[in-house]
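Residue numbers (the working numbering): 12 to 379.
Below is the structure:
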């Protein structure tokens, strides 16, 4: 039951030629770069949208799959409202059809979804990697995607995992002294809770958007379902990069293993349906253990391989924060021993083999 935050037309303005009728009824962005472009109608791209700063309306949705689709592309029974909701002065009853009608895209990685309920476009949903819009925040899309490839700038479609839409299951939440905060909303200087040293400041926060080449792209994220590693571990679905390490503590001792080493466990899988993802890196004064969705994971560790994946400017910033050479931090600087993918898979298989029949994957082991 995803909960989606939507900014209706009463709290969003634009400087384009879109009429009220188009805002409510258009079923694609009429993008000039798309094959289906109609020059006689105004486009949703090439203009600027401005948020008033008002609080979004939360809507509760029922869906039989993990995909936020246009109705025409939904392989299941579709998305419907679970509760009545009033948007733009119109009340939509529980059971109304909910659709991700099309997507507006800025600079290739800033995505905002156009939400449709019972045939009406009701507002915008910023993607989960974006901070909550403040008063005066602006968005200027230069491309779009739609359920019909001919109406998309890149020939793709607008089907997305709910993990890329602002809703309670959408973004990884990090424990801070003031409560949990989305990783995408954290900034350098913010305090986060660490396992070993309590509250500590972030020195650097990096964001990296990856566009996938196909379903087998090795950079695709790993999703660890709620409870997959034991009761409350994680407390909610946790989405991380394949090499992001998760803490495992068993009879062999505590160690950090890459998420990709968990993928053979029930409830852990690679996410193959997404076209792109934005990864957020959190660097502290030293390698730390953080709580992400209730599961203990590592902070960014600037080893040689991790540094190679960063853009030059980001690499320089990280090296400066830690006073490192281009070779990066030695493995000895890691907060816990580091496992390879194979070692992680072997350890998890051993843990699973020992667990009681009614226990979670953690079984007799302790996964923090």
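Each residue gets a CB set at the ideal place from its N, CA and C atoms; glycine is no exception.
Quantities reported herein were computed from a predicted structural model and do not represent experimental measurements.
**OP:** Measure the alpha-carbon distance for residue 59 versus residue 155 and round it to whole angstroms.
**Re:** For residue 59 and residue 155, the gap between their C-alpha atoms comes out near 14 angstroms.
Original post:
Would you call residue 138 buried or exposed, if buried means 16 or more other Cβ atoms sit within 10 Å of its Cβ?
Top reply: It counts as buried.
Subject >> Per-residue burial, residue 101 [other beta carbons within 10 Å of its own, 16 or more giving buried] >> reply: So residue 101 counts as exposed.
Original post:
Okay, do the region 353–364 and the region 262–270 touch, 3+ Cβ pairs below 8 angstroms being the bar?
Top reply: Verdict: yes, contact present.
Subject >> Segment limits, alpha helix (DSSP H) that includes residue 34 >> reply: Where residue 34 is concerned, the enclosing alpha helix (DSSP H) stretches over 31–36.
Subject >> Sequence-distant residues of the same chain with beta carbon closer than 8 angstroms to residue 301, five excluded per side >> reply: Taken in chain order, the residues that qualify are 185, 186, 203, 204, 205, 206, 293, 307, 308, 309 and 310.
Original post:
On the three-state DSSP scale, how would you describe residue 354?
Top reply: Three-state DSSP puts residue 354 in a helix.
Subject >> Residue interval of the beta strand (DSSP E) (run including residue 131) >> reply: Its beta strand (DSSP E) spans residues 131–137.
Original post:
Skipping 5 residues on each side, what residues in its chain have a beta carbon closer than 6 angstroms to that of residue 196?
Top reply: Around residue 196: 142.
Original post:
Does DSSP classify residue 122 as helix, strand or coil?
Top reply: In the three-state DSSP reduction, residue 122 falls in the strand class (E or B).
**OP:** Can you tell me the Cβ-Cβ gap for residue 17 and residue 68, rounded? I've got them flagged as a contact below 8 angstroms.
**Re:** For residue 17 against residue 68, the beta-carbon gap comes to about 5 angstroms, under 8 angstroms, which counts as contact.
**OP:** Kindly indicate which three-state DSSP category residue 323 falls into: helix, strand or coil?
**Re:** Three-state DSSP puts residue 323 in a helix.
Original post:
Can you list, in chain order, the residues of its chain whose CB lies under 6 angstroms from that of residue 85, leaving out five sequence neighbours each side?
Top reply: Unreliable placement is indicated for residue 85, whose pLDDT of 38 sits below 50; no coordinate value is reported for it.
Subject >> Residue from 109, 290, 315 and 337 with nearest C-alpha to residue 136 >> reply: The residue among 109, 290, 315 and 337 with its C-alpha nearest the C-alpha of residue 136 is 109.
Subject >> Distance between residue 132 and residue 236 (C-alpha atoms, nearest Å) >> reply: A straight-line Cα-Cα distance of about 32 angstroms links residue 236 and residue 132.
Original post:
Just how far apart, CA to CA, sit residue 50 and residue 113?
Top reply: Those two C-alpha atoms are separated by around 19 angstroms.
Original post:
In three-state terms, what does DSSP make of residue 195?
Top reply: In the structure shown, the three-state DSSP call for residue 195 is helix.
Original post:
What are the start and end residues of the beta strand (DSSP E) that includes residue 113?
Top reply: Looking at the DSSP string, the run of the beta strand (DSSP E) that includes residue 113 is 108–117.
Original post:
What span of residues does the beta strand (DSSP E) with residue 15 cover, start to end?
Top reply: Counted as a single uninterrupted DSSP element, the beta strand (DSSP E) harbouring residue 15 occupies residues 14–19.
Original post:
Quick one: is residue 289 buried, meaning 16 or more other Cβ sit within 10 Å of its Cβ, or exposed?
Top reply: When all chains shown are included, residue 289 counts as buried.
Original post:
residue 254: which of 245, 123, 145 and 233 sits nearest, CA to CA?
Top reply: Comparing Cα-Cα distances from residue 254 to each of 245, 123, 145 and 233, the minimum goes to 233.
Subject >> residue 373 to residue 305 span [Cα, whole Å] >> reply: Confidence in residue 373 is poor, its pLDDT being 40 and thus under 50, which makes the residue's placement unreliable; the coordinate value appears in the next sentence. Whole-angstrom Cα-Cα distance: 14 angstroms.
**OP:** Could you check which residue in 260, 258 and 219 has the C-alpha nearest to that of residue 318?
**Re:** Residue 219 is the option with its Cα nearest to residue 318.
Original post:
Helix, strand or coil: how does DSSP classify residue 361 here?
Top reply: In the structure shown, residue 361 falls within a helical segment according to DSSP collapsed to helix, strand and coil.
Subject >> Cβ neighbours of residue 107 in the same chain (closer than 6 angstroms, five flanking residues each side left out) >> reply: Here the set comprises 92, 128 and 129.
Subject >> residue 250 versus residue 42: straight-line alpha-carbon distance, rounded >> reply: Residue 42 has its alpha-carbon roughly 32 angstroms from the corresponding atom of residue 250.
**OP:** Would you identify the three-state DSSP class for residue 55, choosing helix, strand or coil?
**Re:** In this structure, DSSP gives residue 55 a state outside helix and strand, which the three-state scheme calls coil.
**OP:** Output the distance between the C-alpha atoms of residue 260 and residue 151, rounded to the nearest integer angstrom.
**Re:** In a straight line, the C-alpha of residue 260 is about 47 angstroms away from that of residue 151.
Subject >> Cβ-based neighbour list, residue 24, same chain, cut-off 6 angstroms, excluding 5 preceding and 5 following >> reply: Excluding positions up to five away in sequence, the list reads 61.
**OP:** Could you check which residue in 341, 21 and 37 has the C-alpha nearest to that of residue 66?
**Re:** The option with the nearest alpha carbon to residue 66 is 21.
Subject >> Counterpart residues of residue 157 in DSSP-defined beta bridges >> reply: Per DSSP, 113.
Original post:
Got a sec? Which residues, its chain only, sit under 8 angstroms from residue 352 by beta carbon, not counting five neighbours each side?
Top reply: Excluding residues within five positions, the ones whose Cβ falls inside 8 angstroms are 268, 269, 271 and 272.
**OP:** Identify whether residue 184 lies in helix, strand or coil by the three-state DSSP scheme.
**Re:** Three-state result, residue 184: strand.
**OP:** Might you give, ordered along the chain, the residues of its own chain that have their beta carbon closer than 7 angstroms to the beta carbon of residue 214, omitting 5 neighbours on each side?
**Re:** The residues 199, 294, 295, 296 and 332, in chain order, have a CB closer than 7 angstroms to that of residue 214 in the same chain once the five nearest residues on each side in sequence are set aside.
Original post:
Nearest to residue 117 by CA position, among 111, 55, 247 and 48, is which residue?
Top reply: The candidate whose alpha carbon is nearest that of residue 117 is 55.
Subject >> Neighbour-count burial assignment, residue 340, 16 or more Cβ in a 10 Å radius >> reply: Of the other Cβ atoms in all chains shown, 16 or more fall within 10 Å of the Cβ of residue 340; this residue is therefore buried.
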